Amino acid sequence: MYGRQKISVAVVALLAASTLGAAANEKVTFGTNWLAEPEHGGYYQAVADGTYAACGLDVTIMQGGPQVSGRPMLLAGKIDFYMGGNLLSAFDAVQQGIPMRVVAADFQKDPQVMMSHPGEGLDKWEDLKNADQYILGDEGVQTFFQWMVIELGFDAAKRAPYTYNTAPFLANKKSIQQGYVTSEPFAVKKEGGFVPNQFLLADYGWDTYSTTIEVMQDTIDKKPEVVQCFVDGSAKGWYKYLYGDNKAANEMIKKDNPDMSDEQIAFSIEQMKKFGLADSGDTEKLGIGAMTDARIQSFYDKMVKAKVTPAGIDIKKAYTLTFVNKGVGLDLKK
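Quick note, the sequence shown lines up with residues 1107 to 1440 if you use my numbering.
Right, here's the structure in full:
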């Protein structure tokens, strides 16, 4: 009787400790910069399989979209982490005196791609500047296209507006069009019946990091363990999403964004792996999320040269390497 009583007390104590641990998980919100999609898969994976919870976080993903302004919510303290598109916003924050930092880069390569029609004399990167028309959105014109003009000799006069409709590109075989390598090539294949040539800007010198994790300096100062858990959990989530069982994460993505099809999801994952968006280069030794001073300096110098970003910014205030480059999750790669 006494022995059984001891066991019961021990079990109750264990359950109480377990319940206390679960209750102690800190609630945080991560804002993405677009509607739920496979390009956010690592974060959904880490929620779905308990990776964030395992290190003490109760993470809510707040999906972005055309009517959602996530970064102002970060600055106002309404959300805890935000998904940055590239490093330009971090440079801009320093210029404006905003204490925001990038703590991880979950994509080593920006998904930005230029597409061309095969067999039309535009089959090589160096041929693209000879296209009759460059179909580009306004944001692209103000950023990577400035680099393409200054660094690579593209003709600014050939730009035509991109309205997120592939019809003009399909109609003009001598045109090139911007897009995300995970998205627009899929649309062209579906609507045009062919696979376009795809030139990932990252493979030709556009060396910004992408899908960054942005956080306010105050959070870093007061809750470094929360930041580390989110960075590590995200890295592990990406390894599991890319190389493991991602069914639960994909179901969460489709629940948040019912327009996302299984076919699109499969295509995006294949492209992410094929082009090494999350896992390539420095990640092979340092792990997903890796960043280096040299890489960030290189991109900044290019943006100054292209007159996209002013000279004289203290870019060390834009990021910190404290939470990355530790090889977290490498053991999960299959």
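Where is the CB? At the ideal position from N, CA and C, for every residue including glycine.
Since this is a predicted model, take the numbers as computed values, not measurements.
Pull up the CB-CB distance for A1237 and I1282, whole angstroms please, since I reckon it's below 8 Å. Locating residue 1237 in the sequence shown gives position 131, counting from the first residue. Locating residue 1282 in the sequence shown gives position 176, counting from the first residue. Yes, A1237 and I1282 are in contact; Cβ-Cβ is about 4 Å, under 8 Å.
Range of the contiguous beta strand (DSSP E) that encloses T1314: Here residue 1314 refers to the residue found at position 208 of the sequence shown. Run containing T1314: none; DSSP gives neither H nor E here.
Q1173: which of L1141, Y1158, T1318 and Y1149 sits nearest, CA to CA? Locating residue 1173 in the sequence shown gives position 67, where the first residue counts as 1. Ranking the options by Cα distance to Q1173, first place goes to L1141.
Work out the CA separation of I1185 and M1179 for me, nearest whole Å. Taking the first residue of the sequence shown as 1, we reach residue 1179 at position 73. Taking the first residue of the sequence shown as 1, we reach residue 1185 at position 79. Their backbone Cα atoms lie some 6 Å apart in a straight line.
Evaluate the contact criterion for the stretch 1315 to 1322 versus the stretch 1222 to 1233: three or more CB pairs, one atom per stretch, below 8 Å. no
Apart from the five residues just before and just after V1430, which ones in its own chain have a Cβ nearer than 6 Å to its Cβ? Residue numbering aside, residue 1430 sits at position 324 when the sequence shown is read from its first letter. So the list reads A1210, G1395, A1396 and M1397, once near-sequence residues are dropped.
I'd like the span of the alpha helix (DSSP H) that includes V1209, first residue to last. Position 103 of the sequence shown, counting from 1, holds the residue named residue 1209. Note, V1209: premise wrong, no alpha helix (DSSP H); beta strand (DSSP E) at M1206 to F1213.
If you follow the beta strand (DSSP E) that P1443 is in, where does it begin and where does it stop? Nothing can be reported for residue 1443, as the shown portion of the chain is limited to 1107 through 1440.
Among the residues of its own chain, which have a CB less than 7 Å from the CB of K1379, if the five just before and after it don't count? Within the sequence shown, the letter at position 273 stands for residue 1379. So the list reads L1348, once near-sequence residues are dropped.
In whole angstroms, what is the alpha-carbon distance linking N1412 and D1216? In the sequence shown, counting from the first residue as 1, residue 1412 sits at position 306. In the sequence shown, counting from the first residue as 1, residue 1216 sits at position 110. The sequence given here places Ala at residue 1412; Asn does not occur at that position. Rounded to whole angstroms, A1412 to D1216 spans 18 Å at the Cα level.
To the nearest whole angstrom, what separates the beta carbons of D1212 and S1340, a pair I think is in contact under 8 Å? Working through the sequence shown from its first residue, we reach residue 1212 at position 106. Working through the sequence shown from its first residue, we reach residue 1340 at position 234. Indeed, because the Cβ distance is near 6 Å, the residues count as touching under 8 Å.
Hey, how far is the Cα of N1303 from the Cα of Q1214? To locate residue 1303, count along the sequence shown from 1; it is residue 197. To locate residue 1214, count along the sequence shown from 1; it is residue 108. Distance between the alpha carbons of N1303 and Q1214: 21 Å.
Taking only runs of the alpha helix (DSSP H) that begin and end inside the stretch 1162 to 1200, which ones reach a length of at least 4 residues, in chain order? 1176 to 1181
Less than 8 Å between the CB atoms is what I'm expecting for G1311 and E1257, so what's the real figure, rounded? As a working note, residue 1311 is residue 205 in the sequence shown. As a working note, residue 1257 is residue 151 in the sequence shown. Indeed, because the Cβ distance is near 7 Å, the residues count as touching under 8 Å.
Could you compute how far the alpha carbon of A1119 sits from the alpha carbon of V1208? The residue you call residue 1119 lines up with position 13 of the sequence shown. The residue you call residue 1208 lines up with position 102 of the sequence shown. Unreliable positioning characterises A1119 in this predicted model, as indicated by a pLDDT of 38, which lies under 50. The coordinate reading is nonetheless provided below. One C-alpha to the other measures close to 41 Å.
Alpha carbon to alpha carbon, how far is D1155 from K1280? For the purposes of this step, residue 1155 is taken as the residue at position 49 of the sequence shown. For the purposes of this step, residue 1280 is taken as the residue at position 174 of the sequence shown. D1155 and K1280: Cα-Cα distance of roughly 47 Å.
Kindly indicate the opening and closing residues of the beta strand (DSSP E) around E1132. Reading the sequence shown from its first residue, position 26 is the one you call residue 1132. Its beta strand (DSSP E) spans residues E1132 to G1137.
In whole angstroms, what separates the C-alpha of E1143 from that of N1363? Along the sequence shown, one-based indexing puts residue 1143 at 37. Along the sequence shown, one-based indexing puts residue 1363 at 257. In a straight line, the C-alpha of E1143 is about 7 Å away from that of N1363.
Are Q1239 and Y1286 closer than 8 Å when you measure CB to CB? The sequence position of residue 1239 within the sequence shown is 133, counting from 1. The sequence position of residue 1286 within the sequence shown is 180, counting from 1. Not a contact, by the Cβ cut-off of 8 Å.
Which runs of the alpha helix (DSSP H), 4 residues or longer, sit entirely within the stretch 1303 to 1390? 1323 to 1328, 1330 to 1349, 1353 to 1362 and 1368 to 1380
Below 8 Å, how does it come out for the stretch 1417 to 1427 and the stretch 1188 to 1200: are there three or more Cβ pairs, yes or no? Output reads yes: the stretch 1188 to 1200 touches the stretch 1417 to 1427.
Assigned exposure category for G1127 - 16 Cβ within 10 Å defines buried: The residue you call residue 1127 lines up with position 21 of the sequence shown. For G1127, the predicted structure reports a pLDDT of 41, less than 50, and the residue's modelled location is therefore unreliable. The matter cannot be settled from this model.
Could you give the DSSP three-state label for G1127: helix, strand or coil? Taking the first residue of the sequence shown as position 1, residue 1127 is located at position 21. For G1127, the pLDDT reaches just 41, beneath the cut-off of 50, and the residue's location in the model is therefore unreliable, leaving the point undetermined.
For M1254, the three-state DSSP class (helix, strand or coil): Residue numbering aside, residue 1254 sits at position 148 when the sequence shown is read from its first letter. It is helical.
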